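Chemist: Please find one structure pasted underneath; my questions will follow.
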Amino acid sequence: MKIINKVDELRKQVEMFRGEGKSIGLVPTMGALHGGHKSLVERARSENDVVVVSVFLNPTQFNNKEDLRTYPRTAEADAAMLESCGVDIAFMPTVEEIYPEPDTRVFKLGPVAEVMEGAMRPGHFNGVCQIVSKLFMMVEPTRAYFGEKDFQQIAVIRAMIKQLGFKLDIVQCPCIREDDGLAKSSRNVRLTPQVRKVAPNIYRVLCDSLEFAHDHSVEQTHDWVVATLNAYPEMEVEYFSICDGITLQPVEDWDASDYIVGCITVYCGDVREIDNITYKKPESL
Ligand code: PAF
84 MKIINKVDEL RKQVEMFRGE GKSIGLVPTM GALHGGHKSL VERARSENDV
134 VVVSVFLNPT QFNNKEDLRT YPRTAEADAA MLESCGVDIA FMPTVEEIYP
184 EPDTRVFKLG PVAEVMEGAM RPGHFNGVCQ IVSKLFMMVE PTRAYFGEKD
234 FQQIAVIRAM IKQLGFKLDI VQCPCIREDD GLAKSSRNVR LTPQVRKVAP
284 NIYRVLCDSL EFAHDHSVEQ THDWVVATLN AYPEMEVEYF SICDGITLQP
334 VEDWDASDYI VGCITVYCGD VREIDNITYK KPESL
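Residue numbers (the numbering used here): 84 to 368.
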């Protein structure tokens, strides 16, 4: 595995691979790699000739500077994990290398980027689009891999690709969970032991809501999930939206779309956990 820190060197390497007609899989990450990232890398490994993983803690997507300051940084362990997964290139640049000039681009993607995380974390998705579009331009991947844990991020990236005309496939990969159901996340290490015990109820309640939804309306299902989770003193739902899986706009009834997802954010103590559940999905996706 080559560890590359410079953009020019990265471009040279991927151009060489492209010249040889090789497919390139890109897995963008912010480091602090865990089993969720590993599954993305393994999928990319199985579907491409060359695998590039970027490890870059992108400052422009953090609307909360304290979150950026305390985000886990584990570069050595990350490199070791990527090496063991058979990655070809680990791209680990500095902030100055990626942003020699401030990135002043503003992405206007419309309603998909203005609800839920888009509304609660101003600038977050703009920062995600800044770094992801830069990576797409640098690597020109055949495929890029993203986890469904960040379901809204995938919807926003799809909208960006459509608007900018990038030619690549987005591979939407299942959320990887701990044995007790908690979605794997780099931020889980911040949960206190007591809150960590309660946090798996987020996914348990979301799963139970699949059954509940069979004979209840969207609104009843929404209210039931929120009330059930808020009954735990350690947790507080920030939002839960039952929405269209492409546009992220709320749906009012179960027939409103053939792709319906519930997206939730819950404060577990002072840690913000996001998760989601799919109620309906077309076979073609
Ligand atoms: O999902 C993430 O870890 C980040 O948002 C991403 C896509 C790597 C961009 O920094």
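We put the CB at the ideal spot given by N, CA and C, even for glycine.
Computed from a predicted model, the values in this text were never measured in an experiment.
Are the CB atoms of E200 and Q246 nearer to each other than 7 Å?
Modeler: no
Chemist: How close, in whole Å, do the beta carbons of Y286 and M318 come, if the pair is a contact with beta carbons under 8 Å?
Modeler: Y286 to M318, Cβ: 12 Å. No contact.
Chemist: Using only Cβ atoms and a threshold of 6 Å, which residues come within that distance of a heavy atom of the ligand PAF? Order them by chain position.
Modeler: P111, T112, M113, N141, Q144, V211, I214, V215, D233 and Q236
Chemist: Under a three-way DSSP split, which group does V198 fall into?
Modeler: If DSSP states are grouped into helix, strand and coil, V198 belongs with coil.
Chemist: How is L151 classed by DSSP in three states: helix, strand or coil?
Modeler: In the structure shown, L151 adopts helical secondary structure according to DSSP, grouped into three states.
Chemist: Please name the residue or residues paired with L93 in a DSSP beta bridge.
Modeler: In the DSSP output, where bridge partners are listed per residue, L93 has none listed.
Chemist: If we call anything under 7 Å between Cβ atoms a contact, is F323 one with V344?
Modeler: No.
Chemist: Which residue wins for smallest C-alpha separation from D336, given the options L192, K363 and E149?
Modeler: K363
Chemist: What's the call for P194, buried or exposed, on a 16-neighbour Cβ count within 10 Å?
Modeler: The residue in question, P194, is exposed, as its Cβ has fewer than 16 Cβ neighbours within 10 Å.
Chemist: Quick one: is M221 buried, meaning 16 or more other Cβ sit within 10 Å of its Cβ, or exposed?
Modeler: Answer is buried; the Cβ neighbour count reaches 16.
Chemist: Count the CB pairs spanning the segment 105 to 122 and the segment 254 to 274 that are closer than 8 Å, and state whether there are at least three.
Modeler: yes
Chemist: So what does DSSP say about C326, is it helix, strand or coil?
Modeler: strand
Chemist: Answer with buried or exposed for I224, where buried requires no fewer than 16 other C-beta atoms within 10 angstroms of its C-beta.
Modeler: One point to set straight first is that residue 224 is Pro, not Ile, in the sequence displayed. Burial call: buried.
Chemist: Looking at Y228 and L123, is the spacing between their C-beta atoms short of 7 Å?
Modeler: Cβ distance < 7 Å, so L123 and Y228 count as in contact.
Chemist: With 16 other CB atoms within 10 Å as the buried threshold, where does L331 fall?
Modeler: buried
Chemist: So A173 and M84 are in contact, right, with Cβ under 8 Å, and what is the actual spacing, rounded?
Modeler: Confirmed, about 6 Å.
Chemist: Whose CA, out of L192, V215 and Q96, lies closest to the CA of I329?
Modeler: Nearest option by C-alpha distance: L192.
Chemist: Mind reading off the beta-carbon distance from N88 to T177? Whole number of angstroms is fine, and I expect it under 8 Å.
Modeler: 7 Å
Chemist: Among R279, R273, Y182 and D358, which has the Cα closest to the Cα of R152?
Modeler: R273
Chemist: When the distance is taken between beta carbons, is V136 closer than 7 Å to L93?
Modeler: Taking a C-beta distance under 7 Å as the contact criterion, L93 and V136 do not qualify as a contact pair.
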